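Colleague: Can you read through this structure? Questions will come right after.
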Amino acid sequence: MTTISAEKEDAPGQAPGGAATLIRVMPAIILAAAIIGVIAVLATVNQAQGGRDWYRGLAGGSGLYRTDTLFARLLPFVAGAALSVALLERGRQRKETLATGDTLRRHEWSEVAVHWLNALGVILCLITAMWLLRWFGRPFSLETTYILHFAGAGMIVAAVTHHIVYERVGGGTGLIPRRRADVKNALAEVVGYTGVYRGSRGVFGIQLPVAVRRPAQRVLRRLKLVPDPSGKYLATEKVLSYTVWTLLLGVIVITGVIKTLNYLFSIPGGLLQWTTFLHDQATIFFVVFLGIHVGALVLVPRNWPLLKSMFTTRISRAYARDHLPLWVPEEDGSEGGQSSTP
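Structure, rendered in structure tokens:
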């Protein structure tokens, strides 16, 4: 299996002349419009004269209300800028090599950058959310806390928008589960964290003794909980990581946007109350799942190369042969193709 190559060929029926030019320059036009929109919003939002008493009885004041309104107006331009950057990146004519010596490229640099932008936004939002929910003492003023929270939210919206557009345009669907077997394999891989499968060490590098492994394996085989060989992405990455993150982030982003719109439009009180409830509860689940996610990466040594690849974009060919055998490309076919398909 090979990776996405941005080297393009002219397709039959491609839009000619001015239409093709418009398609090529459209991302730059969107980016310019987003930048102009941000400048216009920053220049036109005035200090609100009538402050609101909100957030559990705390007086926000006009300064805080102005911050909320400013974020609500900036948000679509942030999303537009991220969309245009994704299109510009996909439109660049380049050719990238999958195999280099003893390593394979598992991620593109753009994907790595967006992943950590999202992670930074999540961390910033979670910390400030804990302050806003009064789980811990708040070291800053309410207005400063919300500014930090909105900064993190902007990073998340930008990262999510970029990811959706970038992968959609590039055909990146490899992390989306398509078969019931993906669920079975994900459960089997989690069971493997106990070290029950021969040659597959679990948490802390543990391999269960043979006397324990063999009877357990017989039961697992009857239950068909034996993982199949993996492609580019493990079943746990598809089912228990990407899918869960998508659902949680989707709830948080959608409810957050609705809460934000309350500063531009009149949102019914009942809807706003339920939106706030869902936003807060999703945040709690997010914290719990983040702990599980980090634990699976840090405590299981065979997952360390996957974590490293989120900084370097690459994994060793030996690791891929052992853990991702269906993805390892042929020696003479290391360029082109689809990176997002396992």
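First residue of the sequence shown? That's 8 in the numbering used here, and the numbers climb one at a time after it. Built from N, CA and C at the ideal position, the CB exists for glycine as well. Here the structure is a predicted model, which means the values were calculated and not measured.
Going along the chain, which residues of its own chain have a beta-carbon closer than 8 Å to the beta-carbon of phenylalanine 147, five neighbours each way excluded?
Modeller: Within the same chain, phenylalanine 147 has close Cβ partners Trp138, Leu155.
Colleague: Under 7 Å, do proline 332 and proline 184 count as touching if we go by C-beta distance?
Modeller: No, the Cβ-Cβ distance between proline 332 and proline 184 is not below 7 Å.
Colleague: So, with DSSP's three-state summary, where would you put leucine 215?
Modeller: Three-state DSSP puts leucine 215 in coil, outside helix and strand.
Colleague: Would the beta-carbon of alanine 193 fall within 7 Å of that of leucine 247?
Modeller: Against a cut-off of 7 Å, the Cβ pair of leucine 247 and alanine 193 comes out as a contact.
Colleague: On the CB-based measure, 16 or more other CB atoms within 10 Å of its CB, does valine 217 come out buried or exposed?
Modeller: Exposed, by the Cβ-count rule.
Colleague: Where alanine 223 and serine 91 are concerned, what is the direct C-alpha to C-alpha distance, given to the nearest angstrom?
Modeller: C-alpha separation (whole angstroms): 52 Å.
Colleague: In this structure, how does DSSP classify lysine 191 when only helix, strand and coil are distinguished?
Modeller: The answer is helix: DSSP assigns lysine 191 an H, G or I state.
Colleague: Can you give me the Cβ contacts of valine 335 inside the same chain, cut-off strictly under 6 Å, excluding the 5 residues immediately before and after it?
Modeller: If we look at valine 335 and ignore the five residues flanking it on each side, its Cβ neighbours are Ala327, Arg328.
Colleague: Between phenylalanine 293 and isoleucine 265, which are expected to be in contact by the criterion C-beta below 8 Å, what is the C-beta distance as a whole number of angstroms?
Modeller: No, phenylalanine 293 and isoleucine 265 are not in contact; Cβ-Cβ is about 17 Å, not under 8 Å.
Colleague: DSSP state of asparagine 353, grouped into three classes?
Modeller: Nothing about residue 353 can be reported from this structure: the residues present for the chain run from 8 to 349 only.
Colleague: If you count every other CB in all the chains shown that lies within 10 Å of the CB of aspartate 109, and 16 or more means buried, which is it?
Modeller: Burial call: exposed.
Colleague: Taking DSSP as the reference, what is the three-state secondary structure of leucine 333?
Modeller: Reduced to three states, the DSSP call for leucine 333 is coil.
Colleague: Where tyrosine 173 and threonine 201 are concerned, what is the direct C-alpha to C-alpha distance, given to the nearest angstrom?
Modeller: Roughly 37 Å separates the two Cα atoms.
Colleague: Mind checking which residues open and close the alpha helix (DSSP H) that includes arginine 309?
Modeller: That residue, arginine 309, is in no alpha helix (DSSP H); it is neither H nor E in DSSP.
Colleague: Use the C-beta contact count for isoleucine 213: other C-beta atoms within 10 angstroms, 16 or more gives buried, fewer gives exposed.
Modeller: Burial call: exposed.
Colleague: Quick one: Cα of glutamine 56 to Cα of glycine 98, how far?
Modeller: Bear in mind that the predicted position of glutamine 56 carries a pLDDT of just 43, short of 50, making it unreliable; the figure below should be weighed with that in mind. Answer to the nearest angstrom: the Cα atoms are 46 Å apart.
Colleague: Using 8 Å as the threshold, is the segment 121-133 in touch with the segment 161-168, meaning 3 or more CB pairs across them?
Modeller: The segment 121-133, when compared against the segment 161-168, does touch it at the 8 Å Cβ threshold.
Colleague: What separation, rounded to the nearest whole angstrom, lies between the Cα atoms of leucine 111 and alanine 242?
Modeller: Going from the Cα of leucine 111 to the Cα of alanine 242 covers about 19 Å.
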